[in-house]
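First comes the structure, then the notes that go with it.
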Amino acid sequence: MKLNIMVSYPKKTSTPVHVHYSIIQQGNFKTITCAVPSIAEIPTWLELRKFELVAMKYNGNFELLFEHRKYEKNMDTVLFMDKVFESIIAVSN
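In terms of the numbering used here, the sequence shown has 144 at position 68, counting the first letter as 1, and numbering is strictly consecutive.
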């Protein structure tokens, strides 16, 4: 099932970016597949259109797993991905 979320980055007053996502949960792991549906909506600082986030349940909360590949992108892209994760987890729990 495709879900939608609007994420404002870098500030709460920034133009929100529309993100489609789906979640697959297997045991203590959640895989969140994300995509910005419109190329026109991609901010100039965002270096990708599709990405995947993997989280593991730890002490009752889902925490994003470290992924070295993620840090090959610019800092705004990395922080945006973190913000997307926080927003999705906030609405899915």
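Note that the Cβ used here is the ideal one computed from N, Cα and C, for glycine as well. What you are looking at is a predicted structure, and each value in this text was computed from that prediction instead of being measured.
Residue from the options with nearest C-alpha to residue i
i	options	result
Ser42	Phe127, Leu155, Glu148	Outside the shown range of the chain (77 to 169) lies residue 42, about which nothing can therefore be said.
Gly136	Lys88, Glu143, Gly103	Gly103
Ile108	His144, Met82, Leu140	Leu140
Thr91	Lys149, Lys78, Thr120	Thr120
Lys133	Asp152, Ile165, Val95, Arg125	Ile165
Lys87	Ala111, Ser114, His96, Asp152	Asp152
Ala131	Arg125, Ser163, Lys106	Lys106
Cβ distance (whole Å) where residue i is taken to contact residue j below 8 angstroms
i	j	result
Glu117	Val93	6 angstroms
Leu129	Tyr85	Not quite, the Cβ-Cβ distance comes to about 15 angstroms (not below 8 angstroms), so this is no contact.
Per-residue DSSP class, three states only, for residue i
i	result
Leu124	coil
Thr153	helix
Val167	helix
Ile81	strand
Val130	strand
Lys87	coil
Val160	helix
For residue i: DSSP bridge partner residues
i	result
Asn137	Tyr134
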